[in-house]
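Below: the structure, in structure tokens.
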Amino acid sequence: TGHGKYQDPLEIPAHEAHVPANLRTLSEYSTSEINYRLRNYLKFIFVREPLERLVSAYRNKFTRSYNTAFHKRYGTKIIRRHRQDPSSEALESGHDVRFEEFVYYL
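Residue numbering for the sequence shown follows this note's numbering, beginning at 275 and increasing consecutively.
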């Protein structure tokens, strides 16, 4: 998180890793600092294999119980559109979206 709290990046909890305040963007530096970084820093990008990314997104959003707000907002919509004869509980909570339904929704 940039504050020296973790030595191993795998120890960083997801709720901390995704907080924008924990990362400085280039626009937060002065013009001279930006130019220095662009000239001297190694720039790279990580690209994930698309199907791996799809599975990862499904697991992150639909197989974890802490995403109840996400389940309710998106899961109910996915179930309504892509499941034949959904239960009233599934329509209410959206917690049991199947991978196939997720893919069809996308």
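Backbone N, C-alpha and C fix where the C-beta goes; we use that ideal spot for every residue, glycine too.
If you look at T350, you'll find it in the alpha helix (DSSP H) that goes 350 to 356. Only buried fits I353, as 16 or more other CB atoms lie within 10 angstroms of its CB. Contact annotation: R311 and Y303 have beta-carbon atoms nearer than 8 Å. Put simply, of R327, G368, H356 the residue whose alpha carbon is nearest the alpha carbon of Y378 is H356. Contact between V371 and G349 is confirmed by a C-beta separation of about 5 Å, below the 8 Å threshold. Secondary structure at L297: coil, using DSSP grouped into helix, strand and coil.
Assignment of alpha helix (DSSP H) within the region 301 to 350, counting only whole runs of 4 or more residues, yields 305 to 314, 324 to 336 in chain order.
Between the C-alpha atoms of E366 and R347 there is a straight-line separation of about 10 Å. Around the C-beta of F336, 16 or more other C-beta atoms lie within 10 Å, and the residue is accordingly described as buried. Just so you know, the alpha carbons of T342 and N309 end up roughly 43 Å apart. Under the three-state reduction of DSSP output, V377 falls in the helix class.
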